[in-house]
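This note's numbering numbers the first residue of the sequence shown as 9 and each following residue consecutively.
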Amino acid sequence: MPTIISVASGKGGVGKSMVVSNLGLLLARKGQRVILVDMDIGGANLHILFGMFHPPSTLTDFFSNRLTHLNDVAHSIANPASLKLIPGTGETLITANLQHAKKKRLIRHLQKLDADIILVDVGAGTSYHTLDFFLLADHFLAVATPDPTSVLDLYRFIKLAAIRKVLTAFLARDPIAEALLSKDFHSITEVLEAVGRTSESGVALAQQALQGFQPALILNRMTPKSRINTLHLQHLLKQYVGADLSVLGNIPEDPHVQQSILKYLPVVELSPRAPAAQAFDQIAENMLKLVRQPEVLSEPLKEPRKIRA
Ligand SMILES: Nc1ncnc2c1ncn2[C@@H]1O[C@H](COP(=O)(O)OP(=O)(O)OP(=O)(O)O)[C@@H](O)[C@H]1O
Ligand SMILES: [Mg+2]
């Protein structure tokens, strides 16, 4: 069964799709069969990053049952051919109101895809769809920039994802669900206390649901002055996952990234020696470690490269 890794950020425009396209290509070059899935409903653009302007089929064909198998929507996009892309869907009434059964079907098909690693770009925001697409994975990646608004949006995203994950352990009409839906919480301890006030036995279920929910961070657009904000981000997120978050890597602010996007190529392809491309190489290695031995998250990963002035 493939390992599914979802990539989210809360805030838009911080580099999720750029991360997914570059990591996908590097992981395929390192011998993995990789499928990228563009779950950014309404903002799908991963295909453009690879210069594919008119995808032969997209997730819309899958959701509307025009194509029955998700494999039929996976297109080879680059060299090596072991890198494929499932292009995203536009904003249709079906996708705006994607029923539970359709999400379940998508998850079943993702798990049966012919691949080693599936990278899911879940798009920005904190809608139920975005949270659910994020949570369908085996591993969770969160991208942030040092910009304070990005830090705050990621905090909000992880917080809502953690609550949503707890909610999945209970039925929709359970009083616990009602207790969690309308309150703002400041830490996962507060969430568990609220569950405990409604039902003592619910706490164990909630804790079980949260097991393994330990998103790893990718810090993008880093400059030598970025350190303070990222420490603040880690401090905030710790309250929501109950542990220090691993930083899978730092990607520097690098003009080669914009240049590569204008040429419809990942930066690791166009400018392999560029600082951002070098950072991606380390992140891809860390990701392979994570996939092969998930317990590495409780050990320090190789120190991310320092960003020099
Ligand atoms: N490390 C970087 N250095 C310089 N520019 C960058 C870097 N990372 C991202 N960018 C710029 O940010 C833009 C947005 O990146 P990207 O489209 O990957 O973000 P996103 O999070 O997927 O956005 P959305 O939420 O709209 O889907 C890129 O087009 C690029 O110009
Ligand atoms: Mg994007």
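For each residue, glycine too, the CB sits at the ideal point set by N, CA and C.
So what does residue i bridge to, in DSSP terms?
i: asparagine 258; result: Leu227
i: alanine 152; result: Leu227
i: valine 128; result: Ser14, Val45
Any heavy atom of ligand 2 closer than 7 angstroms to the CB of residue i?
i: glycine 51; result: yes
i: lysine 24; result: yes
i: aspartate 48; result: yes
i: aspartate 252; result: no
i: aspartate 161; result: no
i: aspartate 192; result: no
Can you find a heavy atom of ligand 1 that lies under 7 angstroms from the Cβ of residue i?
i: glutamine 266; result: yes
i: isoleucine 56; result: no
i: arginine 229; result: yes
i: isoleucine 259; result: yes
i: alanine 152; result: no
i: isoleucine 269; result: yes
i: aspartate 124; result: no
i: aspartate 262; result: yes
i: serine 17; result: yes
i: glycine 32; result: no
i: alanine 282; result: no
i: alanine 217; result: no
i: alanine 292; result: no
i: alanine 285; result: no
i: glycine 21; result: yes
i: alanine 131; result: Reading off the sequence shown, one finds glycine at residue 131, where the question assumed alanine. The answer is yes for glycine 131.
For the beta strand (DSSP E) containing residue i, list its first residue and its last residue.
i: serine 14; result: 11 to 16
i: leucine 93; result: 91 to 94
i: valine 42; result: 42 to 46
Looking at the unbroken alpha helix (DSSP H) that takes in residue i, where does it start and where does it end?
i: valine 81; result: Looking at the DSSP string, valine 81 is not in any alpha helix (DSSP H), and its letter there is neither H nor E.
i: aspartate 146; result: Neither: aspartate 146 is in no alpha helix (DSSP H) and is coded neither H nor E.
i: lysine 297; result: 283 to 300
i: aspartate 69; result: 67 to 71
i: arginine 37; result: 24 to 37
i: glutamate 99; result: Where glutamate 99 is concerned, there is no enclosing alpha helix (DSSP H), given that its DSSP letter is neither H nor E.
i: proline 263; result: 263 to 270
i: proline 183; result: 183 to 189
i: isoleucine 115; result: 108 to 120
i: histidine 55; result: 54 to 57
i: glutamate 277; result: 275 to 278
i: leucine 200; result: 196 to 206
i: alanine 251; result: Note, alanine 251: premise wrong, no alpha helix (DSSP H); not H, not E.
i: leucine 179; result: Neither: leucine 179 is in no alpha helix (DSSP H) and is coded neither H nor E.
i: phenylalanine 213; result: Note that residue 213 is leucine in the sequence shown here, rather than phenylalanine. Element bounds for leucine 213: 210 to 218.
Do residue j and residue i have their beta-carbon atoms positioned less than 8 angstroms apart in this structure?
i: threonine 68; j: threonine 100; result: yes
i: glycine 18; j: leucine 143; result: no
i: alanine 52; j: glycine 23; result: no
i: asparagine 123; j: valine 42; result: Sequence check: residue 123 is alanine here, not asparagine. Yes; because the gap between Cβ atoms is below 8 angstroms, this pair is in contact.
i: alanine 284; j: valine 265; result: yes
i: alanine 109; j: valine 128; result: no
i: valine 276; j: leucine 33; result: yes
i: isoleucine 125; j: proline 10; result: yes
i: isoleucine 184; j: proline 223; result: no
i: glycine 220; j: valine 211; result: no
i: valine 249; j: alanine 170; result: yes
i: leucine 278; j: glutamine 267; result: yes
i: alanine 16; j: valine 159; result: no
i: histidine 137; j: proline 95; result: no
i: methionine 295; j: leucine 106; result: no
i: alanine 217; j: lysine 173; result: yes
i: threonine 134; j: leucine 168; result: yes
i: proline 156; j: serine 234; result: no
i: phenylalanine 193; j: serine 14; result: no
i: alanine 152; j: glycine 20; result: no
i: phenylalanine 71; j: threonine 103; result: yes
Quick one: is residue i near chain B, going by C-beta distance under 8 angstroms?
i: serine 84; result: In the structure shown, chain B does not exist; there is a single protein chain.
* Do the region 263 to 278 and the region 181 to 188 touch if we need at least three Cβ pairs shorter than 8 angstroms? -> no
* Are the region 236 to 255 and the region 25 to 43 touching, with three or more C-beta to C-beta distances below 8 angstroms? -> no
* To do: Taking 8 angstroms as the threshold, find out whether the region 116 to 124 comes into contact with the region 76 to 89 through three or more Cβ pairs.
  => yes
* So, do the region 171 to 181 and the region 34 to 51 have three or more beta carbon pairs nearer to each other than 8 angstroms? -> no
* Asked: Do the region 249 to 262 and the region 226 to 236 meet, that is, are 3 or more Cβ pairs less than 8 angstroms apart?
  -> Judged by Cβ distances under 8 angstroms, the region 249 to 262 makes contact with the region 226 to 236, as three or more pairs qualify.
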